[in-house]
Structures are given as structure tokens and as C-alpha cells.
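Asks:
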Amino acid sequence: LGPGCEHLQIAMHEIGHSLGFYHEHSRKDRSTVLRILWQNIENGMASQFRPGNDAPRGVPYDVTSIMHYNPMS
């Protein structure tokens, strides 16, 4: 594994991307469960938090998903 993947959760998250999974916090229905504090996002990282992914029909938002960023990200 490369730098940044020393922790199991990070490695699992990146494997999720390789399998085609998107960030949970990028779902269009995220505003029902979370609030993005745009002013706290580091320069150049805003694209990681923009909504755009449609949720599979009938699948509830999962704040515990391995594809969800840490609440303090």
C-alpha cells in the first residue's frame, strides 16, 4: 500500500473507490443528515465535498459508511 493507506479504514475506503463506490457524503440527499462547513475546508479540497452522486433507489444514507469522510474532515 502507498502512503496514506497505513490505516485499515483508509485502505478499505480506497478499495471502495477501485470497486466503483463514490463518497457517501457526495450524495444529493446528504443535506437531510449533515451540514458542510465550507469555510472550514482546506484550499483545493472543496471538490471532495460537492454533491453530485445519486443514491441507489431505496438505500438510506449511511453516516457509518466506509465511504463517508470522518466528521471532522
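Positions 9 to 81 (my numbering) are the ones given, in order, by the sequence shown. Even glycine gets a Cβ: it sits at the ideal position worked out from N, Cα and C.
1. If the criterion is Cβ atoms closer than 7 Å, does the pair SER34 and GLY60 meet it?
2. What would DSSP say about ARG38, mapped onto helix, strand or coil?
3. Measuring only the C-alpha atoms, how far is LYS15 from SER73?
4. ILE18 and GLY10 look like a contact to me (Cβ under 8 Å); what is the Cβ gap, rounded to whole Å?
5. Run the CB neighbour count on GLU50, radius 10 Å, all protein chains shown included, and call it buried at 16 or more, exposed below.
6. When you compare only the Cα positions, how much space is there between VAL67 and ARG38?
Replies: Once the coordinates are examined:
1. Contact flag set, yes.
2. DSSP places ARG38 in helix when its eight states are reduced to three.
3. Reading off the sequence, residue 15 comes out as His, not Lys. For HIS15 and SER73, the gap between their C-alpha atoms comes out near 16 Å.
4. Wrong, their Cβ atoms sit about 10 Å apart, outside the cutoff.
5. Counting every other CB atom within 10 Å of its CB across the protein chains shown gives GLU50 a total below 16, marking it as exposed.
6. Here the alpha carbons of ARG38 and VAL67 stand approximately 12 Å from one another.
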